[in-house]
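A.B. asks: Pasting in a structure now, in structure tokens, and then I'll have a few things to ask.
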Amino acid sequence: MNSSFWRLDGKKALVTGATKGIGAAVVDVLQERGADVFLTARTADDVQAFVQRSRNDGGKLYGAAFDVTDKAQRSALIEQSVASLGGLDILVNNVGTNIRRRMDEYREGELDFLLQTNLVSAFELCRLAYPHLRRSKAAGVVNMSSTAAATHVRTGAVYGMTKAALNQLTRNLAGEWGPDGIRVNALAPWYIRTPLAEQVLRDKSYAQAVIDRTPLGRVGEASEVAAAVAFLCMPGAAYISGQILAIDGGMSIAGF
1 MNSSFWRLDG KKALVTGATK GIGAAVVDVL QERGADVFLT ARTADDVQAF VQRSRNDGGK
61 LYGAAFDVTD KAQRSALIEQ SVASLGGLDI LVNNVGTNIR RRMDEYREGE LDFLLQTNLV
121 SAFELCRLAY PHLRRSKAAG VVNMSSTAAA THVRTGAVYG MTKAALNQLT RNLAGEWGPD
181 GIRVNALAPW YIRTPLAEQV LRDKSYAQAV IDRTPLGRVG EASEVAAAVA FLCMPGAAYI
241 SGQILAIDGG MSIAGF
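Residue numbers (the working numbering): 1 to 256.
The following block contains the structure:
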């Protein structure tokens with residue numbers, strides 16, 4: 001084992017939902033480890049601003065705005081990212097959102113919106129990326145799931161449904177694509193300090209309840225999730241596939 005086990009030099013990565021929170025941290029660590037990265041998000045100004053602060057001591061950085069819930073834009077994203085990078089070795093399906101409601105309070109169209117954003121986009125991007133990943137000598141896909149896929153978290157049943165389905169997609173693709181040398185894994189974060197989580201963590205009593213349930217006694221940082229993404233894409237993780245790794249400060253094993 002040598003230092004190359006922990007590097008991504010020459011790897012070509014596509015990261016969705018990549019200008020804020022976990023996605024931004026993933027781009028930073030992949031690029032720092034030597035990968036060339038194509039990032040995307042829905043807002044062109046955010047993408048442009050992120051690309052302009054590209055690291056000089058890491059891999060190259062490209063980007064463009066796409067809405068991954070749109071079929072035509074998904075195809076265009078894969079086409080442009082592969083053309084910019086010169087291939088594709090890594091796909092990080094990070095884009096996702098939540099609408100926190102009780103089951104009987106969801107409104108018309110919200111179910112479809114969450115399904116398209118959290119699940120269908122990942123399914124279709126995997127399918128579109130497959131021919132390019134298959135050409136790689138060592139490809140990896142990382143899907144961003146959630147602890148909500150395995151446990152009740154008060155509200156947001158649809159979010160939990162989409163993440164549970166994403167876990168099963170991860171397992172199925174790991175089985176199907178393993179013979180092609182493509183590893184597929186997922187991460188399941190608990191509360192991470194991101195703009196999405198801050199919406200509920202502003203409630204001090206809610207934030208305390210989260211911390212009380214977490215053995216490490218704090219919420220996570222985006223960089224801690226990003227580090228796990230990078231590891232799963234490295235040669236050092238070459239025999240890991242089909243796994244759902246909890247990044248949760250021990251929450252998922254917390255008993256009495």
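We treat Cβ as the ideally placed atom computed from N, Cα and C, and that holds for glycine.
For L85, collect the residues of the same chain with a Cβ closer than 6 angstroms to its Cβ; drop the 5 residues on either side in sequence, then sort them by chain order.
C.D. replies: To locate residue 85, count along the sequence shown from 1; it is residue 85. Answer for L85: K12, D36 and F38, listed in chain order.
A.B. asks: Within 10 angstroms of its Cβ, does S3 collect 16 or more other Cβ (buried), or is it exposed?
C.D. replies: By 1-based counting over the sequence shown, the position of residue 3 is 3. Exposed, since its Cβ has fewer than 16 Cβ neighbours within 10 Å.
A.B. asks: Assign D104 to one of three DSSP states: helix, strand, or coil.
C.D. replies: Counted from its first residue, the sequence shown places residue 104 at position 104. In this structure, D104 counts as helix in the three-state DSSP scheme.
A.B. asks: Give me whichever residues DSSP pairs with T16 in a beta bridge.
C.D. replies: Taking the first residue of the sequence shown as position 1, residue 16 is located at position 16. T40, per the DSSP bridge assignment.
A.B. asks: Would H132 be called buried (16 or more neighbouring beta carbons within 10 Å of its own) or exposed?
C.D. replies: Residue numbering aside, residue 132 sits at position 132 when the sequence shown is read from its first letter. Buried.
A.B. asks: Leaving out the 5 sequence neighbours to the left and right, which residues in its chain are closer than 6 angstroms to A207 when beta-carbon positions are compared?
C.D. replies: Your numbering for residue 207 matches position 207 in the sequence shown. Excluding positions up to five away in sequence, the list reads L201.
A.B. asks: Quick one: is A76 buried, meaning 16 or more other Cβ sit within 10 Å of its Cβ, or exposed?
C.D. replies: For the purposes of this step, residue 76 is taken as the residue at position 76 of the sequence shown. That one is exposed.
A.B. asks: Would N172 and A149 qualify as a contact pair, given that the criterion is a beta-carbon distance under 8 angstroms?
C.D. replies: Taking the sequence shown and counting its residues from 1, the one referred to as residue 172 is at position 172. Taking the sequence shown and counting its residues from 1, the one referred to as residue 149 is at position 149. Their beta carbons are not under 8 angstroms apart, which means N172 does not touch A149 by this criterion.
A.B. asks: Output the distance between the C-alpha atoms of A44 and V51, rounded to the nearest integer angstrom.
C.D. replies: Taking the first residue of the sequence shown as position 1, residue 44 is located at position 44. Taking the first residue of the sequence shown as position 1, residue 51 is located at position 51. Taking the straight line from one Cα to the other gives about 11 angstroms.
A.B. asks: So, is M251 buried or exposed, given that buried needs 16 or more other C-beta atoms within 10 angstroms?
C.D. replies: Numbered from 1 along the sequence shown, position 251 holds the residue referred to as residue 251. Buried: at least 16 other Cβ atoms inside 10 Å.
A.B. asks: Looking only at its chain, what residues have a beta carbon closer than 6 angstroms to the beta carbon of D180, apart from the 5 residues adjacent to it on each side?
C.D. replies: As a working note, residue 180 is residue 180 in the sequence shown. So the list reads R134, once near-sequence residues are dropped.
A.B. asks: Helix, strand or coil: how does DSSP classify R183 here?
C.D. replies: Locating residue 183 in the sequence shown gives position 183, counting from the first residue. R183 falls in the strand class under three-state DSSP.
A.B. asks: If L260 sits next to C126, beta carbons under 8 angstroms apart, how far is it from one beta carbon to the other, in whole angstroms?
C.D. replies: Past the edges of the chain, shown from 1 to 256, lies residue 260, and the structure says nothing about it.
A.B. asks: I'd like the span of the beta strand (DSSP E) that includes N93, first residue to last.
C.D. replies: Against the sequence shown, residue 93 aligns to sequence position 93. Segment I90 to N93, the beta strand (DSSP E) holding N93.
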